[in-house]
Structure formats: C-alpha cells, structure tokens
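**Q** Just so you know, we're using my numbering here: the sequence shown kicks off at 1306 and counts up by one. Heads up, the beta-carbon is just placed ideally off N, CA and C, and yes, glycines get one too. Owing to the predicted nature of the structure, the values given are computational and were not obtained by experimental measurement.
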Amino acid sequence: MAAKNATTAIHIVDKPKAAQSSFRLGGIGAARSTADYYPLMVMNTALGGSFTSRLNNTLREVKAYTYGAGSSFSLRRNAGPFTARAEVVSAKTDSALIEFMKELNGIRKPLPPSELAKVKRYLQLGYADGFESTSDIASQIANLVPYNLPLSTLGAFNAGIGRVTSADVQRVAAQYVTPGALTIVIAGDRASIEPALKATKIAPVDVRDIYGRPVIVP
C-alpha cells in the first residue's frame, strides 16, 4: 500500500550502451499474515504471476518487447514489496512503460468471470506440485514457522482460493497496485532512454547511482 501523499517517480540507473532496459516498478505490499492473502494470490496471478498473465501476454506475446514480464508480492513478517518487472529491448523502453501502466491500471477494474475462473483453477490445480516429495512437504511445513501459521494452513489453500470473488480482487488491487504512487526504477542507457521516458509524461524522471543516490546530470 502506498504511503500517504506519495507520487509516482521514474529513476534511471545509467548503464551506457545497454541493449536492454531492466524494469522494476512497485511499492509497499502486504505481510504474509494479511487476511487478503488469497485475493492477493488471485489478483497477482492474473496480473503477472503466470505465463498467461496480462503483463507477460502484453509485453511478450503481443508487443514482443521482452522474453518475459511478471509481478510478485514478497510476503514477509511485515509488509514486503510489490514488484512488477521485465527486461526490455532498449529501443522500446518508453513503449514498455506505457504498457506496464495500462496493465497496472487495468487490474484495478473488475476481473471478468472467465478470467477469474481460469486463474483460480490454475492456482488450485498447481498447488499439489509443491507436495510431490518428502522434501517438498518438509519445505512447505518449514515455511509456516517464520509466520506462526498453523499446519492447517496447508490444507486450506484450495478452499481459500475458491472463495475469492471479483470484488475481492478489485478491492486488493485498488489497495496494493497504485499507478499514481509507484517507484519505477529502470536500469539502462540513459542517453537513449531518458528523452523518450520524459516524453511519456507518466512521471518525473531523474538519474540515480546503483545505491539509489541522486546523480547531478549536466
């Protein structure tokens, strides 16, 4: 969830003559203990959590700007980051950013029933893959410990996903996917991508070093 009064900003990390631009767009997400865990799983899977997700379909399959695009929530003890990402051919940096913003805005609208059903089924059918071996099962149980989650959590997944509604997805998208309050970091060839990024007028553009410190550009 974005901080109060936050605004979107684009930060370029200069990598001269880079053939690609590396995108990371995001903000503050949620903790693993959130009551919105299942709606978040459904929403993110539709947005960028599977090969057929909106981000990958648009940026890879339709536009051919990248070999892959996606998004994820890092669910920790406290709120971890929400991040959307892709490695994009440099010449399409500005175009890719426009498509990213379209999809981040689009996921905040009601999910069509057919897409909701497809995503929920994808998650439910794939869940068993995490329990194929004894080591998989041990890992699943071990993953509960840092978050003080009961063992019953493992058996509740499919039912929890099944209860998610389109309204649930829209609600969590509105809360955690905030196109008007994003931090956008793009590592690439500043000389070629900066003018085009500024021309999109999506957000102010500045240059940072690899540690996130502002760089004074002549």
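Which same chain residues, not among the five before or five after THR1363, have their C-beta less than 8 angstroms away from its C-beta?
**A** ALA1374, GLU1404, LYS1407, GLU1408
**Q** Here's a check: name, in chain order, each residue in its chain whose Cβ is nearer than 6 angstroms to the Cβ of ASP1473, leaving out the five neighbours to either side.
**A** Within the same chain, Cβ atoms closer than 6 angstroms to the Cβ of ASP1473 are found at PRO1344, the five residues on either side in sequence being excluded.
**Q** Residues bridged to ARG1513 by DSSP?
**A** VAL1318, PRO1519
**Q** Quick test of your reading: THR1350 and LEU1428, contact by CB under 8 angstroms. State the CB separation rounded to the nearest angstrom.
**A** THR1350 to LEU1428, Cβ: 6 angstroms. Contact.
**Q** Go through its chain and collect everything with a Cβ distance to GLN1379's Cβ below 6 angstroms, but skip five positions before and after it.
**A** It is Ser, not Gln, that sits at residue 1379 in the sequence shown. Once the five neighbours on either side are set aside, the close Cβ partners of SER1379 are GLY1385, PRO1386.
**Q** Which two residues bound the contiguous beta strand (DSSP E) that contains PRO1290?
**A** The chain is shown from 1306 up to 1523; residue 1290 falls before or after that span and cannot be answered.
**Q** Give a yes or no on whether 7 angstroms exceeds the smallest Cβ distance from ALA1391 to chain B.
**A** In the displayed structure, chain B is absent; only one protein chain is listed.
**Q** Please name the residue in GLU1499, LYS1414, ALA1336 whose C-alpha comes closest to that of ASN1383.
**A** ALA1336
**Q** Would you say the region 1350-1359 touches the region 1315-1324, given that touching needs at least three Cβ pairs under 8 angstroms?
**A** Proximity of the region 1350-1359 to the region 1315-1324 falls short of the contact definition, fewer than three beta-carbon pairs being nearer than 8 angstroms.
**Q** Note down, in chain order, each residue of its chain lying with its Cβ closer than 6 angstroms to the Cβ of ILE1491, except the 5 sequence neighbours on either side.
**A** ILE1317, SER1326, PHE1328
**Q** Which word fits ILE1442, buried or exposed, when buried means at least 16 other C-beta atoms lie within 10 angstroms of its C-beta?
**A** exposed
**Q** With a floor of 4 residues, list each alpha helix (DSSP H) that falls wholly inside the region 1328-1391, ordered by position along the chain.
**A** 1342-1352
**Q** Closer than 8 angstroms by C-beta to PRO1418: which residues in its own chain qualify, once you throw out the five before and the five after it? Chain order, please.
**A** SER1471
**Q** Between the alpha carbons of GLU1431 and ILE1412, how many angstroms are there, rounded?
**A** The amino acid at residue 1431 is misidentified as Glu; the sequence shows Gly. Cα-Cα distance, rounded: 22 angstroms.
**Q** Look at the alpha carbon of PHE1462 and the alpha carbon of LEU1454, and state the distance between them as a whole number of angstroms.
**A** 13 angstroms
**Q** May I have a chain-ordered list of the alpha helix (DSSP H) segments no shorter than 4 residues that lie completely inside the region 1472-1498?
**A** none
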